[in-house]
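In the working numbering, the protein residues as written are 1 to 113. For glycine and all other residues, C-beta sits at the position ideal for the given N, C-alpha and C. Bear in mind the structure is a predicted one, so any value in this text is a computation, not a measurement. Presented below is the structure to which this report refers.
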């Protein structure tokens, strides 16, 4: 899969994750160090700041997807994670791309006050 195709797939998955009920925020996946390096590369012009924040990389016969999300406390993190998984699988199925792995991390639970 080409770099452009991976970027388009990541953008489509990110859009779908944002649209999933219960998702309040989508964060850039990865460690603090990798995010700092990515930000530095963007500042130097070596990387675009508007790249998708969902990670999609070739893996095995398909792709590995990684996303970090903030969820609404009222919806239940487990239910939201299941909905995001189904949404990501739907995008991949529509494009005929097998999923090798999917890592979803809840990094924030937002309460309504």
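Beta-ladder partner(s) of residue 67, from DSSP: Beta-bridge partners of residue 67 (DSSP): 104.
Residues near residue 19 by beta carbon distance below 6 Å, same chain, minus five either side: Hits under 6 Å: none found.
Outcome for residue 32 when other beta-carbon atoms lying within 10 angstroms are tallied against a minimum of 16: Model confidence at residue 32 stands at a pLDDT of 46, short of 50, so the residue's coordinates are unreliable; what they give is reported in the following sentence. So residue 32 ends up on the exposed side.
Spatial neighbours of residue 92 in its chain, beta-carbon cut-off 6 Å, leaving aside the 5 residues before and after: For residue 92, where only same-chain residues beyond five positions count, the Cβ hits under 6 Å are 99.
Residue 81 beta carbon less than 7 Å from that of residue 102: Contact check for residue 102 against residue 81 fails: the beta carbons are separated by 7 Å or more.
Simplified DSSP assignment, three categories, for residue 60: Secondary structure at residue 60: coil, using DSSP grouped into helix, strand and coil.
Residue 10 (DSSP reduced to helix, strand or coil): Here residue 10 sits in helix by DSSP.
Backbone CA spacing between residue 29 and residue 68 [nearest angstrom]: Roughly 5 Å between the two C-alpha positions.
Whole-angstrom distance between residue 12 and residue 23, CA atom to CA atom: Going from the Cα of residue 23 to the Cα of residue 12 covers about 16 Å.
Continuous beta strand (DSSP E) stretch holding residue 24: start and end: 23–27 is the span of the beta strand (DSSP E), which, as asked, contains residue 24.
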